[in-house]
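Residue numbers (the working numbering), protein chains in the order written: chain A, 70 to 228; chain B, 88 to 333.
For glycine and all other residues, C-beta sits at the position ideal for the given N, C-alpha and C.
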Amino acid sequence: MIDVVLVGKKISALRKENKLTQDDLASKLFVTRQNVSKWEVGTTFPSLDTLVELTKIFNVSIEELLCLEEDIVINDDDIFVGHNRLFIINSIIDGSIKVDVPSVLYQMSPVERMMILRAIKENKLQVEMEELYPKLTSSEQKYLNNMEVAIYDFKKGNK
Amino acid sequence: MILKKVINNDGTIIYVPVTKEDAVREDLDSLVFSDDFSRDEFENYLEDLEERLEEETVDLEDEAEEVEAEVVDDKKEEESLFTKEALEMGRKISESARKAAEKIKKSTMDFSNKVKDSIDLSAFKSTSKSKKLMSMLPFLDEEDLNELVNEIVNNPEDYKDLSLVEVLPFLETEQCDKLFILYLEGNFKKISISSLVPFVSKEALSKFVDEYVKGNYSNVNIDSILPFLSSKDVKRVFMYNLKKDD
Numbered sequence: 070m071i072d073v074v075l076v077g078k079k080i081s082a083l084r085k086e087n088k089l090t091q092d093d094l095a096s097k098l099f100v101t102r103q104n105v106s107k108w109e110v111g112t113t114f115p116s117l118d119t120l121v122e123l124t125k126i127f128n129v130s131i132e133e134l135l136c137l138e139e140d141i142v143i144n145d146d147d148i149f150v151g152h153n154r155l156f157i158i159n160s161i162i163d164g165s166i167k168v169d170v171p172s173v174l175y176q177m178s179p180v181e182r183m184m185i186l187r188a189i190k191e192n193k194l195q196v197e198m199e200e201l202y203p204k205l206t207s208s209e210q211k212y213l214n215n216m217e218v219a220i221y222d223f224k225k226g227n228k
Numbered sequence: 088m089i090l091k092k093v094i095n096n097d098g099t100i101i102y103v104p105v106t107k108e109d110a111v112r113e114d115l116d117s118l119v120f121s122d123d124f125s126r127d128e129f130e131n132y133l134e135d136l137e138e139r140l141e142e143e144t145v146d147l148e149d150e151a152e153e154v155e156a157e158v159v160d161d162k163k164e165e166e167s168l169f170t171k172e173a174l175e176m177g178r179k180i181s182e183s184a185r186k187a188a189e190k191i192k193k194s195t196m197d198f199s200n201k202v203k204d205s206i207d208l209s210a211f212k213s214t215s216k217s218k219k220l221m222s223m224l225p226f227l228d229e230e231d232l233n234e235l236v237n238e239i240v241n242n243p244e245d246y247k248d249l250s251l252v253e254v255l256p257f258l259e260t261e262q263c264d265k266l267f268i269l270y271l272e273g274n275f276k277k278i279s280i281s282s283l284v285p286f287v288s289k290e291a292l293s294k295f296v297d298e299y300v301k302g303n304y305s306n307v308n309i310d311s312i313l314p315f316l317s318s319k320d321v322k323r324v325f326m327y328n329l330k331k332d333d
């Protein structure tokens with residue numbers, strides 16, 4: 070998956086490296102300055118045809134333009150800052166990013182939490198259930214209860 | 088993704104995904120955005136709606152002003168003429184012009200109210216049935232969810248208040264992949280590709296790219312799918328596009 074926020078920053082950096090204003094780049098691509106601005110903040114993503122043109126204008130490979138081979142660096146206190154949220158969630162699920170899921174779960178929206186739980190349920194993501202379970206809502210616990218794992222009764226302290 | 092805050096009967100709060108078309112009918116305070124991209128996209132959508140409303144209102148108001156101006160002109164003409172018949176005719180013209188102006192103003196108001204109603208929460212609230220369904224989603228097992236998805240796919244009219252987008256986070260990846268294939272084959276268009284793709288597996292997307300680079304599925308909006316492809320598949324699509332241009 071592509072981190073559209075990171076790609077936006079890359080487009081901005083390459084544009085400045087080539088001494089182009091947003092207007093200059095927009096003219097070369099036959100788009101509006103607002104389009105370029107939205108790409109650079111990660112609000113929208115350029116079309117495939119535009120990406121082809123950007124590699125030619127900046128004289129870079131598609132790998133460099135889309136940051137495909139860059140290491141993902143995150144801040145544990147805010148795992149999403151500087152990145153596209155869906156990209157981070159997918160990276161956690163496919164193992165590209167190693168985080169302590171129970172510790173960062175609070176930073177996720179309900180749908181993002183469901184995506185993580187679904188990955189756990191489908192055995193795509195391994196997590197310490199003892200640490201995770203108390204941090205879930207009752208609906209989430211019930212969702213996970215369909216799994217055949219030992220569930221700890223934390224209130225009674227029983228296994 | 089746009090999420091709507093829903094308070095259950097037991098007081099617990101859950102968040103359910105909504106489309107942006109449904110989100111404009113909701114109280115903005117009850118909406119939560121999963122990322123800045125979704126918030127910006129929604130704000131842009133609202134701005135577009137408002138601009139369209141403004142343009143229509145301005146156009147109709149301009150027309151009303153023109154007719155009123157004609158009424159004033161008519162009155163001036165009337166004074167300079169000074170004959171009984173001319174005055175009578177002038178009065179008739181200004182009376183009909185005044186009525187026309189009132190009609191245009193009323194239709195402007197009607198149009199404004201229609202648009203406001205279309206985004207009014209009370210006009211389009213979910214039924215209690217679909218609310219109950221949404222709150223039950225976390226508790227449904229795989230079989231129930233499969234059945235629900237089949238029902239929504241085969242009988243969309245019966246479930247018009249329950250968007251498939253709200254169900255997607257609860258579905259197994261396999262089910263999402265099946266919906267994706269249905270979409271590609273043109274058998275299911277109830278959902279936009281950009282809402283579905285985040286929940287489709289990498290393997291299914293890779294198989295799609297296998298077909299795409301052979302020239303199949305050329306009618307699918309590749310731009311919506313591109314951000315969700317693996318690095319390897321992005322490169323394949325890119326090279327295919329480059330060769331196509333050459």
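{"Item": "Range of the contiguous beta strand (DSSP E) that encloses P104(B)", "Value": "I100 to V105"}
{"Item": "Outcome for G226(A) when other beta-carbon atoms lying within 10 angstroms are tallied against a minimum of 16", "Value": "Only weak support exists for where G226(A) lies, its pLDDT of 44 falling under 50; the value from the coordinates is given anyway. G226(A) comes out exposed."}
{"Item": "Stretch pair the segment 78-95 of chain A + the segment 95-107 of chain B: three plus CB contacts closer than 8 Å", "Value": "no"}
{"Item": "Stretch pair the segment 104-116 of chain A + the segment 183-195 of chain A: three plus CB contacts closer than 8 Å", "Value": "no"}
{"Item": "Proximity test, Cβ basis, 9 Å: D127(B) and chain A", "Value": "yes"}
{"Item": "CB contact below 9 Å: I141(A) versus chain B", "Value": "no"}
{"Item": "Rounded C-alpha distance that separates M70(A) from S317(B)", "Value": "5 Å"}
{"Item": "Which of helix, strand or coil DSSP assigns to V324(B)", "Value": "helix"}
{"Item": "Beta carbon proximity, L133(B) to chain C, threshold 9 Å", "Value": "Annotation note: the requested chain C is absent from the structure, which comprises protein chains A and B."}
{"Item": "Within 9 Å, strictly: CB atoms of F267(B) and V284(B)", "Value": "yes"}
{"Item": "Selection of the segment 95-119 of chain A by Cβ proximity to chain B, strictly under 7 Å", "Value": "G111, T112, F114, S116 and L117"}
{"Item": "Residue environment, S207(A), which counts as buried when at least 16 other CB atoms sit within 10 Å", "Value": "exposed"}
{"Item": "Assigned exposure category for G77(A) - 16 Cβ within 10 Å defines buried", "Value": "buried"}
{"Item": "Cβ-based contacts, 7 Å cut-off: residues of the segment 171-193 of chain A near chain B", "Value": "S178, P179, V180, E181, M183, M184 and E191"}
{"Item": "Cutoff 9 Å: S208(A) Cβ touching any chain B Cβ", "Value": "yes"}
{"Item": "Identity of the residue in L227(B), D231(B), F286(B) and N328(B) nearest L213(A) by Cα", "Value": "L227(B)"}
{"Item": "Bridge-paired residues (DSSP) for V93(B)", "Value": "I101(B)"}
{"Item": "Among D163(A), Q103(A) and D118(A), the one whose alpha carbon lies nearest that of K331(B)", "Value": "D118(A)"}
{"Item": "Distance CB(L120(A))-CB(L135(A)) smaller than 9 Å", "Value": "yes"}
{"Item": "Test item: CB-CB of N153(A) and V73(A) under 9 Å", "Value": "yes"}
{"Item": "Per-residue DSSP class, three states only, for I120(B)", "Value": "The identity of residue 120(B) in the sequence shown is Phe, whereas the question assumes Ile. Strand, per DSSP."}
{"Item": "Buried or exposed (CB count within 10 angstroms, at least 16 for buried), I94(B)", "Value": "exposed"}
{"Item": "When I280(B), V324(B), L118(B) and L136(B) are compared against S293(B), the one with the closest alpha-carbon", "Value": "V324(B)"}
{"Item": "Contacts of S121(B) in chain A (Cβ-Cβ under 7 Å)", "Value": "R154, S178, V180 and E181"}
{"Item": "For K301(B) and E122(A), the rounded distance between their alpha carbons", "Value": "23 Å"}
{"Item": "The ligand MN heavy atom lying under 8 Å from the CB of K179(B)", "Value": "This structure lacks the ligand MN; in fact it carries no ligand of any kind."}
{"Item": "Residue burial classification, D207(B) (beta-carbon count within 10 angstroms, cutoff 16)", "Value": "The predicted model places D207(B) with a pLDDT of 37, which falls under 50 and marks its position as unreliable, so this point remains unresolved."}
{"Item": "Inter-residue CB distance, V105(B) and K91(B) (contact presumed, cutoff 8 Å)", "Value": "5 Å"}
{"Item": "Cutoff 9 Å: I80(A) Cβ touching any chain B Cβ", "Value": "no"}
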